[in-house]
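Using my numbering, the first residue of the sequence shown is number -11, and each one after it goes up by one.
Using N, Cα and C, we set each Cβ at its ideal position, and we do this for glycine too.
As the structure is a prediction and not an experimental result, all values here were calculated from the model.
First up is the structure itself, then whatever we jot down about it.
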Amino acid sequence: MFVEHPIFVEPENPKSKVWRYMDFTKFVSLLDSSSLFFTRSDKFEDPFEGLNSSANEKLRNDVYGEKIPQEAFFKFDEIRKKVRPYTHINCWHMNEFESAAMWKLYLKSNEGIAIQTTFGNLCNSFSEYNDQVFIGRVNYIDYDSEWMPEGNMLYPFVHKRKSFEYENEVRAVIQKLPLSKTEAKVDWNVPPEPYGVNVKINLDVLIEKIYIAPTAPIWFKELVYSVTKKYELDKTVHQSTLYDNPY
């Protein structure tokens, strides 16, 4: 279930639109499993995902002085790296309108789909899931010069480099540390999931509208509509007008 968390900043308006762009196979998988796939944080292309900014290394002495021994920082950094495979992320793009850049970035062919919902609906769609799901906006900073807050292992998962600011990302995060079966402590010997986890969601709550890529042929819209009916999903399928002739 969705749980509010102080470091996960929510948009001011819960009706803010969020989008997830995908190909047809992922769309069918979403409907067939009634699940969103959360990727292991260390499986993303961005090598900085889930890690502190390099500025933290430079500024720690200024921030903490001699209050915390250097050995403690090494230990904290080691734990952060260990946490990454047990932290899973599902990404959305926040925008009141379709994004031409997102269509081009995430689609490998003309047959693409975008799910449009709201931040509030995204949060409410996890009501059937028992574990905690944290959701909020990503904060984009200069990793070379800006301090990233410390003191919580989730901070690195709500920050990204300025180079990714165009994503305007809202992300859902699940952090399930491997607990020992015999002792009340983390057991790092428990292997993480290979790529990520499927998380059950309420499709009817999650999906507000379905958009077909602006370059998709007519038959593709009919196919998507047919699939939604097969899975008894009563949602309108819209053909994107992004590239329609203005005259």
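Using a Cβ-Cβ cutoff of less than 8 Å, which residues in the same chain neighbour Tyr128 once the five nearest sequence positions on both sides are dropped?
The residues are His147, Lys148, Arg149, Lys150, Phe152 and Glu153.
Using DSSP with H/G/I as helix, E/B as strand and the rest coil, what is Ala160?
Annotated three-state conformation of Ala160 is strand, per DSSP.
What's the C-alpha gap between Val(-3) and Leu47?
The alpha-carbon of Val(-3) is positioned some 24 Å away from that of Leu47.
What is the residue span of the beta strand (DSSP E) that Ser23 lies within?
Looking at the DSSP string, the run of the beta strand (DSSP E) that includes Ser23 is Ser23 to Arg28.
For Phe122, the three-state DSSP class (helix, strand or coil)
Annotated three-state conformation of Phe122 is strand, per DSSP.
Helix, strand or coil for Thr224 per DSSP?
Coil, per DSSP.
What does a CB cutoff of less than 6 Å around Phe122 pick up in its chain, not counting 5 residues either side in sequence?
Within the same chain, Phe122 has close Cβ partners His(-7), Phe(-4) and Val161.
Do Gln163 and Lys5 have their beta-carbon atoms positioned less than 8 Å apart in this structure?
Judged by their CB atoms, Lys5 and Gln163 are not nearer to each other than the 8 Å cut-off.
With distances taken between CB atoms, is the gap from Ala204 to Asn83 smaller than 8 Å?
In this structure, Asn83 does not lie closer than 8 Å to Ala204 by Cβ.
Between the beta-carbon of Pro35 and the beta-carbon of Arg125, is there less than 8 Å?
No, they are not a contact pair.
For Trp7, count the other beta carbons within 10 Å of its own beta carbon; 16 or more makes it buried, fewer makes it exposed. Which is it?
By the beta-carbon neighbour count (other beta carbons within 10 angstroms, threshold 16), Trp7 is buried.
If you reduce the DSSP assignment to three classes, tell me which class Asn78 lands in.
If DSSP states are grouped into helix, strand and coil, Asn78 belongs with the strands.
For Asn186, which residues from the same chain have a beta carbon less than 7 Å from its beta carbon, with the 5 sequence-adjacent residues on both sides left out?
Excluding residues up to 5 positions away in sequence, Ser21, Ser23 and Phe25 lie with their Cβ nearer than 7 Å to the Cβ of Asn186 in the same chain.
In this structure, does DSSP put Lys5 in helix, strand or coil?
Lys5 falls in the strand class under three-state DSSP.
Cβ neighbours of Phe12 in the same chain (closer than 7 Å, five flanking residues each side left out)
Glu99 and Ile101.
Exposure of Tyr219, with buried meaning 16 or more beta-carbon neighbours within 10 Å
For Tyr219, the number of other beta carbons within 10 angstroms of its own is below 16, and it is reported as exposed.
Distance between Glu210 and Leu165 (C-alpha atoms, nearest Å)
Each residue's alpha carbon lies about 44 Å from the other.
Only counting runs of 3 or more residues, tell me where the beta strand (DSSP E) segments fall wholly within the stretch 79 to 144, in order along the chain.
Within the stretch 79 to 144, the runs of beta strand (DSSP E) that reach at least 3 residues and sit entirely inside it are, in chain order, 100 to 106, 122 to 125 and 127 to 129.
CB of Pro179 to nearest heavy atom of the ligand FMN: below 7 Å?
The ligand FMN is not part of this structure, which contains no ligands at all.
Can you list, in chain order, the residues of its chain whose CB lies under 8 Å from that of Thr229, leaving out five sequence neighbours each side?
Closer than 8 Å at the Cβ level, and outside the excluded window around Thr229, lie Pro202.
Less than 8 Å between C-beta atoms, sequence neighbours within five positions excluded: which residues of the same chain meet that for Lys31?
Excluding the 5 residues flanking it on each side, Lys31 has same chain C-beta neighbours closer than 8 Å at Tyr183 and Gly184, in chain order.
Buried or exposed (CB count within 10 angstroms, at least 16 for buried), Pro2:
With fewer than 16 other Cβ atoms within 10 Å, it is exposed.
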